[in-house]
Amino acid sequence: MSFHNVLRTLKTVKVRTQVPFQEFCELISAIPSPSAAPKPLNPTTISLLSKLNPNSLHLILSEPTLSASKCLVFFNFLLKNQSFISFKLDLQAHLTLICRLIRARKITLAEQVFKSISVDQNSRYPFRAIASCVELCCLEPVVEAKLFNLMLKIYSDIKNFDGGLEAFDHIKSIGIRIDERTYNFFSVAMNRAGEVEKGIDFLYRLLYSGTGVSVYCLTAVVEGMCRNGEIRRSRELVQEMASRGIKPNIITFNIMVEACAKRWNFSELDLILPLMEKEGVAFDVKTYEFLIDGFTSSGKVEEAKDWLGRCMTRDGK
C-alpha cells in the first residue's frame, strides 16, 4: 500500500473515532431532496452538527464508503444550515468535494462547485491559495490533473484570464499535461473577449513550454488580431508559426483574406495570397467570395470579374 493510501486509511480511522460517523451517515441518508419543502431541524440534528469541525468535515467528505453524490447533498445541506455549525465552509472543504466529484466523473457538478469559489462573493481566493490547497486535498495525480484542467476552463468561462495564465504557468511547472481542447478553449475565450495581447502571450507560452500550438489556437489569435485591424501583424505571426512547423489552414487564411477584403487592404492581400500558395493551402469557395465581394465593393469591377472567372473555372463551370 502506498504512503498516500496509508495516510488516507489512518485519516478514515481517525474520523470514526473523533465524530459519531454512523450518525452522520444516517443524517446524510435522511436529508430531503432539494425540491422538498424545507423543515426545521430537530434538536438531535442540531446537536450532531455542533460536533462537526473543519478537519472532521474534510475526512467525512473523503470517506470512500460515501458516494460523491451523497457528499454533495451533505455539503449543500451544510451551506443551507451554516448557522448550526461552528465554522464556515472553507476552501479546503470545497476542494475536497470537487476532487470527490471529479473522481466520480461528475465534471459538471465539480465545475459548479468550483465556480462558487471563483466568482461572486467567494472570489477572494486567488489562484495561489487554491493551488496550495489542492496539494492538501488531492492525493491522486490523475484527479489533480483533471482539476487543474477544469480550473483553466472555468477561468475561461468567467473571463479571469490573468488567473488562467497564472494557472497555466503553475500547471506546467508541476509537470501536468494540459488537454489540447482546454487550452484551445482558453485561447478562443481570450481573443473573443478582446484580450488579443494576452492571447498572443498565451500562444508564445504554449510554444516555449513545449506544449505545442495547435492550428486551432493560432487561428483564434489571428481572428482576434484581424478583428482589431492588425492584419499585417497577423500575417507575420502566421509566417513565423509556419516556420516553426505550425501550419495554418484554410480557415486561418480566410480570416485574413476577409479582413483585407472588408477594409480594401489590397496591398496586404498581395502578400497573403502568395503565402497561401507557399504553404500549399488551396482556395475554397469562401476565399473566392471574400475576394469578389472586396473588389466589387471597392469599385474594382474588372478584378472582381477576374476572380469570379477563376472561381467558375475551379468549379468546372
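The sequence shown runs 1 to 317 under the UniProt record's numbering.
Quick reminder that beta carbons are idealized off the backbone N, C-alpha and C, glycines included.
All values reported here derive from a predicted model rather than from experimental measurement.
Contact under 8 Å by Cβ, residue i with residue j
i, j, result
"residue 318", "valine 221", "Outside the displayed range of the chain (1 to 317) lies residue 318, so it cannot be described from this structure."
"valine 73", "isoleucine 28", "yes"
"lysine 198", "phenylalanine 161", "yes"
"histidine 58", "glutamine 82", "no"
"phenylalanine 127", "glycine 163", "yes"
"glutamate 23", "leucine 61", "no"
"leucine 291", "alanine 259", "no"
"leucine 152", "isoleucine 178", "yes"
"glutamate 111", "isoleucine 158", "no"
"phenylalanine 295", "glutamate 303", "yes"
"threonine 211", "valine 257", "no"
"arginine 235", "glutamate 268", "yes"
"proline 248", "glutamate 223", "no"
"leucine 97", "phenylalanine 75", "yes"
"isoleucine 272", "phenylalanine 253", "yes"
"isoleucine 107", "leucine 139", "no"
"methionine 99", "cysteine 137", "Correcting the residue identity first, residue 99 is cysteine in this sequence and not methionine. Yes, they are a contact pair."
"histidine 170", "alanine 129", "no"
"isoleucine 250", "valine 285", "no"
Reduced DSSP secondary structure (H/G/I, E/B, other) of residue i
i, result
"leucine 271", "helix"
"tryptophan 307", "helix"
"proline 248", "coil"
"aspartate 179", "coil"
"cysteine 33", "A small fix is needed here, since residue 33 is serine in this sequence, not cysteine. In this structure, serine 33 counts as coil in the three-state DSSP scheme."
"cysteine 217", "helix"
"lysine 146", "helix"
"serine 298", "coil"
"proline 126", "coil"
"isoleucine 231", "helix"
"glycine 224", "helix"
"asparagine 160", "coil"
"glycine 199", "helix"
"proline 43", "helix"
"asparagine 265", "coil"
"arginine 140", "Looking at the sequence itself, residue 140 is glutamate, so the reference to arginine does not match. Here glutamate 140 sits in coil by DSSP."
"glutamate 279", "coil"
"threonine 211", "coil"
"leucine 52", "coil"
"aspartate 293", "helix"
"alanine 131", "helix"
"isoleucine 174", "coil"
"isoleucine 117", "coil"
"alanine 189", "helix"
"aspartate 284", "coil"
Same chain, Cβ closer than 6 Å to residue i, neighbours up to 5 away in sequence not counted
i, result
"lysine 146", "Ile102"
"phenylalanine 84", "Ile46 and Leu49"
"alanine 193", "Lys159"
"tyrosine 125", "Leu91 and Ile117"
"glutamate 180", "Ser214"
"alanine 189", "Ser156"
"isoleucine 255", "Val222, Glu223 and Cys226"
"phenylalanine 77", "Ile31"
"leucine 308", "Ile292"
Neighbour-count burial assignment, residue i, 16 or more Cβ in a 10 Å radius
i, result
"valine 143", "buried"
"alanine 30", "exposed"
"tyrosine 208", "exposed"
"asparagine 42", "exposed"
"valine 13", "Reliability of the predicted coordinates at valine 13 is poor, the pLDDT of 47 falling under 50, and the value obtained from them is presented with this limitation in mind. Exposed."
"lysine 317", "Any reading at lysine 317 is ruled out, since the residue's pLDDT is 48, under 50, leaving its predicted position unreliable."
"threonine 65", "exposed"
Neighbourhood of residue i by C-beta distance below 7 Å, restricted to the same chain and skipping five residues each side
i, result
"asparagine 228", "Val196"
"isoleucine 246", "Val213, Val215 and Leu218"
"valine 134", "Leu95, Glu144 and Leu147"
"phenylalanine 87", "Asn53 and Pro54"
"threonine 182", "Asn149, Leu152 and Lys153"
"isoleucine 200", "Val221"
8 Å CB neighbourhood of residue i in its chain, flanking five on each side removed
i, result
"aspartate 90", "Pro54"
"alanine 104", "Ser67, Ala68 and Ser69"
"arginine 314", "Phe283 and Tyr288"
"valine 301", "Phe295"
"glutamine 239", "Leu275"
"tryptophan 264", "Gly294, Ser297 and Ser298"
"leucine 79", "Leu89"
Chain C contact for residue i (CB, 8 Å cutoff)
i, result
"leucine 41", "The displayed structure is made up of one protein chain only, and chain C is not part of it."
Whole alpha helix (DSSP H) elements within the segment 54-114, 4-residue minimum: 54-61, 68-80 and 91-103
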